[in-house]
Amino acid sequence: MSTLILGKPLADTVTKGVKSALAIWQQEGFQPHLVSVLASDDPASRVYVQSKARRAGQLGVRFTVRDLGAELGPGLTQAALNAELRALSERDDVQGIVLELPLAAGLDPDLSLLHLAHRKDVEGLTPANLALVTAGREPEAILPPTPRSVRFLLRSVLGDDLRGLRVAVIGPGRTVGRPLTWMLGNRGMTVTVCNEHTRDLAAVLAPQDAIVVAVGKPGLLRPEQVQPHHVVVDAGINVTPNGVVGDAAPEVAEVVRAFTPVPGGVGPLTSALMYQNLVRAVKMQRGEAVE
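Each residue of the sequence shown is one higher than the one before, counting from 1 in the working numbering.
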């Protein structure tokens with residue numbers, strides 16, 4: 001059996017830093033305000049929002065939900081969503097905004113995110129933040145928390161210096177795979193991007209030091225496609241009748257050197273990093289030094 005790469009220990013360290021920053025602001029009478037914008041009737045999104053709300057309550061963050069799907073119903077248009085994001089971005093009493101994806105049918109997330117202020121974008125998905133990542137200017141950006149979680153977990157096994165190591169990213173999705181490819185490249189890794197058209201995946205994966213899978217398809221990565229020297233980070237989340245599972249088949253764990261379980265791997269750290277992003281966003285808005 002390979003080594004389990006658990007997200008909770010790292011998440012606890014991140015959360016400790018978040019609580020420290022919040023405690024300082026609390027002494028000033030300042031409480032950051034995070035707003036979650038729902039623009040669909042997707043039940044999974046509501047579950048995620050409830051989880052964020054519980055975490056916010058534990059940390060002492062003011063948390064508000066703008067449920068446009070319930071409020072506007074058929075009147076929820078692209079223009080209405082854009083206007084709401086602009087209004088929230090302009091409010092001095094709002095420090096962080098999350099646009100919950102997926103959006104309702106007919107709404108375009110790329111168009112929507114153009115109207116969200118990048119310094120309040122705690123998910124790091126606005127074009128401005130992603131452009132800074134691709135330009136190698138990460139210190140000026142707010143980074144997407146799931147790719148950050150993946151990179152943290154890889155460093156916990158492979159070491160802080162990732163230069164020269166080889167990694168395959170399976171799934172060039174907008175929220176994980178694409179930004180992660182640039183973020184790993186910014187750390188000097190040699191990145192191979194795989195998708196549904198990649199031929200002979202096992203041969204492509206064989207020379208890699210690490211594999212990241214983020215597609216949203218249970219059992220996509222199979223044991224015959226991996227090697228004993230591989231480190232596998234599973235960023236897939238799939239709700240099945242048997243519970244939440246990742247993209248890697250369970251048998252992969254019996255072959256590889258180390259892997260992240262689902263649940264328990266990427267998820268807990270991602271949640272902590274989103275609130276760390278909120279702290280970073282607040283510091284940017286207040287003109288304070290950011291790390």
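The beta-carbon is built from N, C-alpha and C at its ideal position, and this holds for glycine as well.
query: Closest by C-alpha distance to residue 166, when choosing among 124, 123, 111, 229; result: 229
query: Chain-order list of residues whose beta-carbon lies under 6 Å from that of residue 201 (same chain, five-residue window excluded); result: 225
query: Beta-carbon proximity list for residue 186, same chain, < 8 Å, skipping 5 on both sides; result: 133, 136, 138
query: Bridge-paired residues (DSSP) for residue 33; result: 62
query: Every unbroken beta strand (DSSP E) inside the stretch 45-116 [3 residues or more]; result: 62-67, 96-99
query: Beta-bridge pairing of residue 211 - partner residues as DSSP gives them; result: 168, 232
query: Meets three-Cβ-pair contact criterion under 8 Å: the stretch 241-254 and the stretch 156-164; result: no
query: Within 7 Å, strictly: CB atoms of residue 176 and residue 214; result: yes
query: Rounded Cβ spacing between residue 78 and residue 99 (contact assumed at less than 8 Å); result: In fact, because the Cβ distance is near 13 Å, the residues do not count as touching under 8 Å.
query: Residue from 264, 275, 290, 283 whose Cα sits closest to the Cα of residue 4; result: 264
query: Residue closest to residue 35, alpha-carbon to alpha-carbon, out of 275, 181, 22; result: 275
query: Residue 243 - containing beta strand (DSSP E), residue span; result: 243-245
query: Inter-residue spacing [alpha-carbon to alpha-carbon] between residue 25 and residue 15; result: 15 Å
query: Supposed contact pair residue 89 and residue 120 - C-beta distance, whole angstroms, cut 8 Å; result: 6 Å
query: Outcome for residue 51 when other beta-carbon atoms lying within 10 angstroms are tallied against a minimum of 16; result: exposed
query: Nonlocal neighbours in the same chain, by C-beta distance under 7 Å from residue 40, ignoring five residues either side; result: 69, 102, 103, 104
query: Chain-order list of residues whose beta-carbon lies under 6 Å from that of residue 124 (same chain, five-residue window excluded); result: 142, 143, 144
query: Short Cβ contact (7 Å threshold) for residue 269 with residue 96; result: no
query: Top-ranked residue by Cα proximity to residue 171, from 2, 194, 246, 11; result: 194
query: Where residue 238 sits in the DSSP three-state scheme; result: strand
query: Classification of residue 33 by the beta-carbon crowding that lies within 10 angstroms, buried from 16 upward; result: buried
query: Residue 191 - partner residues in DSSP beta bridges; result: 167
query: Residue 189 vs residue 147 beta-carbon contact at 7 Å; result: no
query: Assigned exposure category for residue 58 - 16 Cβ within 10 Å defines buried; result: exposed
query: DSSP state of residue 121 mapped onto helix, strand, coil; result: strand
query: Extent of the continuous alpha helix (DSSP H) run through residue 26; result: 8-27
query: Candidates 44, 197, 117: closest to residue 284 by CA position; result: 117
query: Pair within 7 Å by beta-carbon distance, residue 256 and residue 212; result: no
query: Cβ separation of residue 232 and residue 248, assumed to be a contact under 8 Å, to the nearest whole Å; result: 6 Å
query: Contact under 7 Å by Cβ, residue 281 with residue 122; result: yes
query: Which listed residue (129, 273, 272, 234) has its alpha carbon closest to that of residue 261; result: 234
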